[in-house]
Amino acid sequence: MGGVVLGILGIGTIGMIYGTQKDRAMQESKVDTVPISVTATPEMYKVTGETIEQEEETKVGQYKIVYGDIEEQIETVISMEQAAQIGAENICLETGLSLEGCQIEMSQVYLKGVSEGVAWKGKVEDENQLFIFTVGSTSGKLLERQDYYREDKNRPWMTRLDNERIEQWIDHESLEAFTKINIDLECDMKVQIMASGEDYALDMEYFDDDYKLSYEVKDDTIYIEDEKVHSTKNRINSDLNQITLYVPEDTHLETVKLSNTTGVNEVNNLFVKTIEVTSHTGQITLNLVETEDLKLSNNTGLTHIEDTQAKAITLSGDTGKVMLKGITVSSLKAEDLGSGSFELQDSKIQKGKINLQTGAITMDEVIGEEMTLKTQTGAINVQNTQYDTLELRTETGCINLGTGLKGSIEASTQVGIVNVVEPNNRACTYQIDSGLNEFINSDIEKQIENAMQGLWQ
Numbered sequence: 063m064g065g066v067v068l069g070i071l072g073i074g075t076i077g078m079i080y081g082t083q084k085d086r087a088m089q090e091s092k093v094d095t096v097p098i099s100v101t102a103t104p105e106m107y108k109v110t111g112e113t114i115e116q117e118e119e120t121k122v123g124q125y126k127i128v129y130g131d132i133e134e135q136i137e138t139v140i141s142m143e144q145a146a147q148i149g150a151e152n153i154c155l156e157t158g159l160s161l162e163g164c165q166i167e168m169s170q171v172y173l174k175g176v177s178e179g180v181a182w183k184g185k186v187e188d189e190n191q192l193f194i195f196t197v198g199s200t201s202g203k204l205l206e207r208q209d210y211y212r213e214d215k216n217r218p219w220m221t222r223l224d225n226e227r228i229e230q231w232i233d234h235e236s237l238e239a240f241t242k243i244n245i246d247l248e249c250d251m252k253v254q255i256m257a258s259g260e261d262y263a264l265d266m267e268y269f270d271d272d273y274k275l276s277y278e279v280k281d282d283t284i285y286i287e288d289e290k291v292h293s294t295k296n297r298i299n300s301d302l303n304q305i306t307l308y309v310p311e312d313t314h315l316e317t318v319k320l321s322n323t324t325g326v327n328e329v330n331n332l333f334v335k336t337i338e339v340t341s342h343t344g345q346i347t348l349n350l351v352e353t354e355d356l357k358l359s360n361n362t363g364l365t366h367i368e369d370t371q372a373k374a375i376t377l378s379g380d381t382g383k384v385m386l387k388g389i390t391v392s393s394l395k396a397e398d399l400g401s402g403s404f405e406l407q408d409s410k411i412q413k414g415k416i417n418l419q420t421g422a423i424t425m426d427e428v429i430g431e432e433m434t435l436k437t438q439t440g441a442i443n444v445q446n447t448q449y450d451t452l453e454l455r456t457e458t459g460c461i462n463l464g465t466g467l468k469g470s471i472e473a474s475t476q477v478g479i480v481n482v483v484e485p486n487n488r489a490c491t492y493q494i495d496s497g498l499n500e501f502i503n504s505d506i507e508k509q510i511e512n513a514m515q516g517l518w519q
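Now the structure itself:
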């Protein structure tokens, strides 16, 4: 590791520290850059036994800390430079590595529930090794050190935790620019893709070693993949397993292709020409997305799209719930759905076809030209909806035509009841076909409410 040049973050008397979430046990702060070199070799410490002596009753550093809206002035006995030297000494003595000529990235952390209150955090790395240590700013004691390693630069850092589990970790790695995203994962992982800030960057944390993860930017595309290594016995899925991929705000991407076997998938605040997301067991969520072609396949789980614009949306799945709110789309196709429920709210859907095998369909405050809602077994509930033509069909179930409807409406059920809340609505024309020969108006609805409950689910 000797001779490696590393960026160092330090602060002086006018340095400003910016804190992160206040409810974390340890809050880390980014600080202004002050280059400082560290001289530390195993030979120096073994021969001379040099240590950093604390200056008694002397405040060697004054720092201004800002956590959220809270500004605080503190004084430390151990300076940033001394803390870096203490951490370097420990690394050299225990690993035998030389840090001569290296630089250390320093920041200050707030330790919640610890008497020292604040501490210095150091980070030193080369291509395959990473050391992170924490030194008390009052005692000058090494509070913690974590050693990481990796096979090559396109792999995450790995370390063994106290509970013998393996952690794979990437800390906001800066990336080359790209316009295409290709993520293919089998491991249990939450994946987030979002536009934020001005950088392309990647964060990752995975608590196991049954899969090896890798990432690479090549030919204008970022690839994030995993490789099955072995089966972990008695494995417990962790909610902490997650990947977050950042692109600069207002970036226009060409494609997002995401396949994730198990976990949550989130796409937020993006401009993308085409998006394709496949989830076998998990959740798909899109928010504030603008795209031309959107394809989502979710075998088992929740699919939630909100405040999104698209020319075409295609949805498929076996078991789960679909929720669409605040969307604007020219063509919506969801003709390959199994059991679950489908909800549309506050949207503009020019032409749509929804076919659900088992489950209820609800539509509220939706406008467009043509819409077909079908479910083999389940209820259909429509209100505050304006369509030129609206076709509603269920084999076994009730259909409820609520208030605020407009257009030509055809409602058909083989086993069930059609309830029309506003039979005299001049903005509508109704064509009703009920297998029970029941055409119910709202003024007698209470009389059949109990009978409808079983069919309405």
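Under my numbering, the first residue of the sequence shown carries the number 63, and numbering increases by one thereafter.
Glycine included, each C-beta is placed from N, C-alpha and C at the ideal position.
Only a predicted model underlies this, so the values are computations on that prediction, with no experimental measurement involved.
Where does Arg455 land, buried or exposed, given buried means 16+ other C-beta within 10 angstroms? Within the sequence shown, numbered from 1, the residue matching residue 455 stands at position 393. Answer is buried; the Cβ neighbour count reaches 16.
Excluding the 5 residues preceding and the 5 following Val291 in the sequence, name in chain order all residues of the same chain whose CB lies nearer than 7 Å to its CB. On the sequence shown, position 229 is the one that residue 291 refers to. Cβ within range, chain order: Asp271, Asp272, Tyr273 and Lys274.
Leaving out five residues on either side along the sequence, give the residues of the same chain with a beta carbon under 6 Å from the beta carbon of Ser359. Taking the first residue of the sequence shown as 1, we reach residue 359 at position 297. Around Ser359: Thr340 and Ser378.
So, are the CB atoms of Ile305 and Asn327 less than 8 Å apart? In the sequence shown, residue 305 corresponds to position 243, counting from 1. In the sequence shown, residue 327 corresponds to position 265, counting from 1. Going by C-beta atoms, Ile305 is not nearer than 8 Å to Asn327.
Based on the DSSP secondary-structure assignment, which residues constitute the bridge partners of Thr465? Locating residue 465 in the sequence shown gives position 403, counting from the first residue. BP columns for Thr465 are empty, so no partner.
Report the residue from Asn361, Met168, Asp188 and Leu302 whose alpha carbon sits nearest the alpha carbon of Leu161. Position 99 of the sequence shown, counted from the first residue, corresponds to residue 161. Taking only the C-alpha atoms, the option nearest Leu161 is Asp188.
Cβ contact (3+ pairs, closer than 8 Å) linking the stretch 205-223 and the stretch 231-249: yes
Residues near Tyr492 in its chain [Cβ-Cβ closer than 6 Å; skip 5 each side]: In the sequence shown, residue 492 corresponds to position 430, counting from 1. For Tyr492, where only same-chain residues beyond five positions count, the Cβ hits under 6 Å are Ile471.
Leaving out five residues before and five after Arg222 in sequence, what residues of the same chain have Cβ atoms less than 7 Å from its Cβ? Within the sequence shown, numbered from 1, the residue matching residue 222 stands at position 160. For Arg222, where only same-chain residues beyond five positions count, the Cβ hits under 7 Å are Ile228.
Taking just the CA atoms, how far does Leu399 sit from Lys242? As a position in the sequence shown, residue 242 is number 180, starting the count at 1. As a position in the sequence shown, residue 399 is number 337, starting the count at 1. Approximately 29 Å between the Cα atoms of the pair.
Is Cys490 closer than 8 Å to Gly560 when the C-beta atoms are compared? One cannot answer for residue 560 here, as it falls past the ends of the chain, which runs 63 to 519.
With distances taken from CA atoms, which of Asp288, Glu238, Asp209 and Lys319 is nearest Asp281? As a first step, residue 281 must be located in the sequence shown, where it is residue number 219. With distances taken between Cα atoms, Asp281 lies closest to Glu238.
With a threshold of 7 Å on Cβ separation, who are the neighbours of Gly344 within its own chain once the five nearest residues in sequence on each side are excluded? Residue mapping note: residue 344 aligns to position 282 of the sequence shown, counting from 1. Answer for Gly344: Asn322, Thr324, Gly325, Val326, Asn327 and Gly363, listed in chain order.
Drop a sphere of 10 angstroms on the beta-carbon of Tyr277, count the other beta-carbons inside from all chains shown, and report buried for 16 or more, exposed for fewer. Your numbering for residue 277 matches position 215 in the sequence shown. Classification of Tyr277: buried, given that the 10 Å Cβ count is 16 or more.
Closer than 7 Å: Thr196 CB and nearest the ligand GTP heavy atom: Ligands in the displayed structure: none, and consequently the ligand GTP is not present.
Cβ pair Gly392, Gln419 closer than 8 Å: The residue labelled residue 392 in the question sits at position 330 within the sequence shown. The residue labelled residue 419 in the question sits at position 357 within the sequence shown. It is worth fixing the name first, because residue 392 is Ser in this sequence and not Gly. It is not a contact, given that the beta carbons lie outside the stated cut-off.
Classification of Ser409 by the beta-carbon crowding that lies within 10 angstroms, buried from 16 upward: As a first step, residue 409 must be located in the sequence shown, where it is residue number 347. By the neighbour-count rule (16 or more Cβ atoms within 10 Å), Ser409 is buried.
In three-state terms, what does DSSP make of Leu315? Within the sequence shown, numbered from 1, the residue matching residue 315 stands at position 253. Strand at Leu315.
What span of residues does the beta strand (DSSP E) with Asn244 cover, start to end? To locate residue 244, count along the sequence shown from 1; it is residue 182. Residues Lys242 to Asp250.
Which full runs of the beta strand (DSSP E) of 3+ residues lie inside the stretch 164-244, going along the chain? 167-173, 180-187, 191-198, 204-211, 219-222 and 228-236
What whole-angstrom Cβ distance do Gly414 and Gly430 have, given they're in contact under 8 Å? Counting from one through the sequence shown, the residue named residue 414 turns up at place 352. Counting from one through the sequence shown, the residue named residue 430 turns up at place 368. About 7 Å separates the two Cβ atoms, so the contact holds.
Taking the alpha carbon of Asp312 as the point to measure from, which residue in Gly158, Asn330, Lys319 and Ser496 has its own alpha carbon closest? Mapped onto the sequence shown, residue 312 falls at position 250. Out of Gly158, Asn330, Lys319 and Ser496, Asn330 has the C-alpha closest to the C-alpha of Asp312.
Does DSSP put Ile153 in a helix, in a strand, or in coil? Within the sequence shown, numbered from 1, the residue matching residue 153 stands at position 91. If DSSP states are grouped into helix, strand and coil, Ile153 belongs with the helices.
Roughly how many angstroms separate the alpha carbons of Leu204 and Ser236, rounded to a whole number? The count along the sequence shown starts at 1 and reaches residue 204 at position 142. The count along the sequence shown starts at 1 and reaches residue 236 at position 174. Rounded to whole angstroms, Leu204 to Ser236 spans 29 Å at the Cα level.
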